[in-house]
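Here the sequence shown stands for residues 35 to 746, numbered as in this note's numbering.
Think of the CB as a built atom: it goes at the ideal place given N, C-alpha and C, for glycine as much as any other residue.
Keep in mind that this is a model prediction, so the values were computed, not measured.
Here's the structure, in structure tokens; my notes come after.
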Amino acid sequence: MSEIEESIEGRLIDSLAECVTELSRHFAGGQSLAGLDQLPRDSRGLLPAHQAGAALDIAGLNYEPRRPRKLPRGAAHYPALAQMAPGEFVILLDIRESDLLVWRAERRREEWEPFGEVAKAFGGMFLSVYGDPDKMREAEAPWHAKGRGHWFWSELRKERRALSPVLLASLLINILAIAMPLFTMNVYDRVIPNRAGSTLWVLAIGVIIAFALEFALRRARTAVIDDVSRDLDIRLSQKIFGRLLATPLEERRGHTGALAARVSEYAIVREFYAATTVVLIMDIAFLAVFVAVMAILAGWLALVPLVIIAAMIGAGILLQRKVVTAARDAQADAGLQQTLLVEALAGAETLKSMASEGGMLGRWHRLAEIGSQSQQKLRNISSLAVGLAQVFQQVSTIALIIGGYYLFAAGEITMGAIIAIVMLSSRSLAPAAQFAFLLTRGRQAQETLQSIERLFEGGDERKQGSSLVLTEIKAPAIRLENVSFRYPGSESSALSGIDLQIEAGERVAIVGRVASGKSSLGRVICGLYAPTEGAVMIGGIDSRQYRPQVVREALRFVGQDAALFTGSVKENLSLGRPVADERLVEAMRATGADLFLSRDAGGFDRAVGEGGRGLSGGQRAFLALTRALVTPSELLFLDEPTGAMDSQTEKQFVERLAEALTPRQTLIVSTHRPALFSLCQRLVVLDRGRVVADGPIADVIAAAGAAESIAS
Numbered sequence: 035m036s037e038i039e040e041s042i043e044g045r046l047i048d049s050l051a052e053c054v055t056e057l058s059r060h061f062a063g064g065q066s067l068a069g070l071d072q073l074p075r076d077s078r079g080l081l082p083a084h085q086a087g088a089a090l091d092i093a094g095l096n097y098e099p100r101r102p103r104k105l106p107r108g109a110a111h112y113p114a115l116a117q118m119a120p121g122e123f124v125i126l127l128d129i130r131e132s133d134l135l136v137w138r139a140e141r142r143r144e145e146w147e148p149f150g151e152v153a154k155a156f157g158g159m160f161l162s163v164y165g166d167p168d169k170m171r172e173a174e175a176p177w178h179a180k181g182r183g184h185w186f187w188s189e190l191r192k193e194r195r196a197l198s199p200v201l202l203a204s205l206l207i208n209i210l211a212i213a214m215p216l217f218t219m220n221v222y223d224r225v226i227p228n229r230a231g232s233t234l235w236v237l238a239i240g241v242i243i244a245f246a247l248e249f250a251l252r253r254a255r256t257a258v259i260d261d262v263s264r265d266l267d268i269r270l271s272q273k274i275f276g277r278l279l280a281t282p283l284e285e286r287r288g289h290t291g292a293l294a295a296r297v298s299e300y301a302i303v304r305e306f307y308a309a310t311t312v313v314l315i316m317d318i319a320f321l322a323v324f325v326a327v328m329a330i331l332a333g334w335l336a337l338v339p340l341v342i343i344a345a346m347i348g349a350g351i352l353l354q355r356k357v358v359t360a361a362r363d364a365q366a367d368a369g370l371q372q373t374l375l376v377e378a379l380a381g382a383e384t385l386k387s388m389a390s391e392g393g394m395l396g397r398w399h400r401l402a403e404i405g406s407q408s409q410q411k412l413r414n415i416s417s418l419a420v421g422l423a424q425v426f427q428q429v430s431t432i433a434l435i436i437g438g439y440y441l442f443a444a445g446e447i448t449m450g451a452i453i454a455i456v457m458l459s460s461r462s463l464a465p466a467a468q469f470a471f472l473l474t475r476g477r478q479a480q481e482t483l484q485s486i487e488r489l490f491e492g493g494d495e496r497k498q499g500s501s502l503v504l505t506e507i508k509a510p511a512i513r514l515e516n517v518s519f520r521y522p523g524s525e526s527s528a529l530s531g532i533d534l535q536i537e538a539g540e541r542v543a544i545v546g547r548v549a550s551g552k553s554s555l556g557r558v559i560c561g562l563y564a565p566t567e568g569a570v571m572i573g574g575i576d577s578r579q580y581r582p583q584v585v586r587e588a589l590r591f592v593g594q595d596a597a598l599f600t601g602s603v604k605e606n607l608s609l610g611r612p613v614a615d616e617r618l619v620e621a622m623r624a625t626g627a628d629l630f631l632s633r634d635a636g637g638f639d640r641a642v643g644e645g646g647r648g649l650s651g652g653q654r655a656f657l658a659l660t661r662a663l664v665t666p667s668e669l670l671f672l673d674e675p676t677g678a679m680d681s682q683t684e685k686q687f688v689e690r691l692a693e694a695l696t697p698r699q700t701l702i703v704s705t706h707r708p709a710l711f712s713l714c715q716r717l718v719v720l721d722r723g724r725v726v727a728d729g730p731i732a733d734v735i736a737a738a739g740a741a742e743s744i745a746s
């Protein structure tokens, strides 16, 4: 049965998620799988097949992807996660003679099934799964805990089986490379002196066949490397982007442009280690073979390429320090340019309104000049290294010809052997000649690798939360206990010693002057930031025991500067979540956004533009508010929701929101507009990050003198 046809308690079975959860229970004792919530879903809300590897990574399981045409019979391949033809995922736990031990999501238990029946339904995806030894060591000895597998090397190791044909192809290519020197030597030494035309054609046909095989092998090797690189591209880009999204806001480091550049530069690392290095390793390994053949043909002359190779490597090592400095400077300068570019494009309207294009262009010119200098320095070092390699190759050729002359004069070698060793020398020095280029490229890859690794330092929200896996928050009371908060890099506190109790279903208005801490309070309550001191209690439980995503789904924060993304109105309201059109319409009516959308020809398909630039400020605010109501929440924190609305629109919004809220739904409104007080019964006044007044609205207003004075 397919995952579409089966259901548990009326919902679709996500067979992939269920199987990964069961495998986690089987190997790792059922650790929290919070990160599964952040993987992309299909239109039905199910994990798609291409996310199987990412899901296993989150579960802390190692796996080896295989591409069998049919189910393997070897016991070493099991346990495994396999996809059946209808799209259903199952766990194949064990195999015996003619049966497989199969765990299926719809029955939630394993049973022995005939191998033939399971094999008949096999859909082609097969991942052998085994526990992560590091995780097991952590469980037994947490004081010796190691981190999860490296973000790059762990993915590259998964492709070692796929890279085996690359190594074999490189081996055969290098063997076939000996054909040309041997052909040349035999033609000069045997064919020409004896005028053996028939032998010449036999040798020529043989070497042409060798060339054809070498060409085919190179094409096959390139195809395999491209396939591996494509798979790595997808997995690595998702892993890096997912880690970037999972970084706590308070730990985010670096400018937006620099972070974007860093994410896109991972291709340098992948290309160097997954493609270039694999081929180079085999070429370097065959240096010994080429040198051995040269020793057989010309004796001590084989020492010449060895000395030249040593000189090449020595020159590369001497240039290493300069390459390191130049590569680091070039990467930093490129990051600064990327940051300025992103900020200028995003703020183009502001620049034009202030007639400041010239000033920004001047900044760009200075950064471009600095970046050009660092890139030129890097190119100069690379050019010097390549030039030295060419000189060394030429010296090697001259030395072999001179040495070959004396050996020929002594009758120890033939003319053909001299030509052959020169050709073999050029072939053996080719990898060493690449060493200079690889030195520069390798240093760039290493610097990029280290810069990306800095993204993986610090906290990961997907791993936060108690091992109890608290998955739901229902009608909670919120209590802030001596909460203080300071933004990263700031010396002053945005909140100081906040003690506040908000009951489930309560309606609270928060007012205060600019920079009094209203928005910061909402961000801390809704889990966007963790308090610097104190605790936020949700239903009597510390919020840090919940997964961050669980908190944010239940406690919804709508900021006054909430972002819209390139795409349609519908895409911005759903943000990739499976949402019925009827629910979108209900949310639009609840906020009043339908009033402007119903008059637009595009409707839900209307493009909002980059950052919502195709909409007015009020329309952007309406969509942000509507988005918060598309999926149910236990608490709504609205930060200046009507700041971009006129008084009539504000009145309509207040009326509709009052009807849309459920009795048990908590509402907190940060505002400086008294019209919103009609939604609330309680008023909290903040000043310099502290609560200075709290109570029923009428009492607080009476104590302060007037609503206007409080709202100011």
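Cα-Cα separation, residue i to residue j
{"i": "LEU618", "j": "GLN653", "result": "16 Å"}
{"i": "GLY108", "j": "ILE129", "result": "8 Å"}
{"i": "ARG633", "j": "ASP615", "result": "18 Å"}
{"i": "ALA213", "j": "LEU95", "result": "47 Å"}
{"i": "GLY121", "j": "LEU206", "result": "40 Å"}
{"i": "VAL703", "j": "GLU52", "result": "39 Å"}
{"i": "GLU525", "j": "ASP733", "result": "35 Å"}
{"i": "ILE744", "j": "SER554", "result": "Since pLDDT at ILE744 reaches only 49, below the 50 mark, its modelled position is unreliable, and the value read off the structure follows with that caveat. C-alpha separation (whole angstroms): 19 Å."}
{"i": "GLY573", "j": "ALA511", "result": "5 Å"}
{"i": "GLY87", "j": "SER188", "result": "12 Å"}
{"i": "SER406", "j": "ILE259", "result": "32 Å"}
{"i": "MET328", "j": "SER430", "result": "13 Å"}
DSSP-derived helix/strand/coil call for residue i
{"i": "MET394", "result": "helix"}
{"i": "ASP76", "result": "coil"}
{"i": "GLY651", "result": "helix"}
{"i": "VAL548", "result": "coil"}
{"i": "ARG130", "result": "strand"}
{"i": "TYR222", "result": "helix"}
{"i": "ARG581", "result": "coil"}
{"i": "VAL642", "result": "coil"}
{"i": "GLN715", "result": "coil"}
Where the alpha helix (DSSP H) containing residue i begins and where it ends
{"i": "GLY9", "result": "Only positions 35 to 746 of the chain appear in this structure, which leaves residue 9 out of reach."}
{"i": "THR625", "result": "615–625"}
{"i": "VAL703", "result": "No alpha helix (DSSP H) contains VAL703, which is instead part of the beta strand (DSSP E) from 700–704."}
{"i": "GLY568", "result": "No alpha helix (DSSP H) holds GLY568; the beta strand (DSSP E) holding it covers 567–572."}
{"i": "LEU337", "result": "337–380"}
{"i": "ALA203", "result": "194–210"}
{"i": "LEU331", "result": "321–332"}
{"i": "GLY539", "result": "Per DSSP, GLY539 belongs to no alpha helix (DSSP H) and is neither H nor E."}
{"i": "GLN686", "result": "681–694"}
{"i": "ALA149", "result": "In the sequence as displayed, the identity of residue 149 is Phe instead of Ala. 149–154 is the extent of the alpha helix (DSSP H) around PHE149."}
Whole-Å CB distance - residue i paired with residue j, under 8 Å assumed
{"i": "ARG520", "j": "GLN535", "result": "At roughly 23 Å, the Cβ-Cβ gap does not stay under 8 Å, so ARG520 and GLN535 are not in contact."}
{"i": "ARG557", "j": "PHE591", "result": "6 Å"}
{"i": "ALA678", "j": "GLY651", "result": "4 Å"}
{"i": "ILE559", "j": "PHE671", "result": "6 Å"}
Beta-carbon spacing of residue i, residue j below 7 Å
{"i": "CYS449", "j": "TYR222", "result": "Residue identity check: residue 449 is Met in the sequence provided, not Cys. Cβ atoms of MET449 and TYR222: closer than 7 Å."}
{"i": "THR660", "j": "ALA627", "result": "yes"}
{"i": "LEU50", "j": "PHE123", "result": "yes"}
{"i": "TYR112", "j": "LEU283", "result": "no"}
{"i": "ALA747", "j": "ARG698", "result": "The structure shown does not extend to residue 747, since the chain is modelled only from 35 through 746, so no value can be given for it."}
{"i": "VAL725", "j": "ILE544", "result": "no"}
{"i": "PRO339", "j": "SER462", "result": "yes"}
{"i": "GLU668", "j": "ILE507", "result": "yes"}
{"i": "SER162", "j": "ALA114", "result": "yes"}
{"i": "GLY646", "j": "LEU598", "result": "yes"}
{"i": "LEU331", "j": "LEU434", "result": "no"}
{"i": "ILE302", "j": "THR566", "result": "no"}
{"i": "PHE156", "j": "LEU105", "result": "yes"}
Contact with chain C by residue i, beta-carbon distance below 7 Å
{"i": "ALA366", "result": "Annotation note: the requested chain C is absent from the structure, which comprises a single protein chain."}
Range of the contiguous beta strand (DSSP E) that encloses residue i
{"i": "MET388", "result": "Where MET388 is concerned, there is no enclosing beta strand (DSSP E), given that its DSSP letter is neither H nor E."}
{"i": "GLU515", "result": "512–519"}
{"i": "GLU674", "result": "Per DSSP, GLU674 belongs to no beta strand (DSSP E) and is neither H nor E."}
{"i": "SER232", "result": "From DSSP, SER232 is part of no beta strand (DSSP E) but of the alpha helix (DSSP H) over 231–280."}
{"i": "ALA444", "result": "Neither: ALA444 is in no beta strand (DSSP E) and is coded neither H nor E."}
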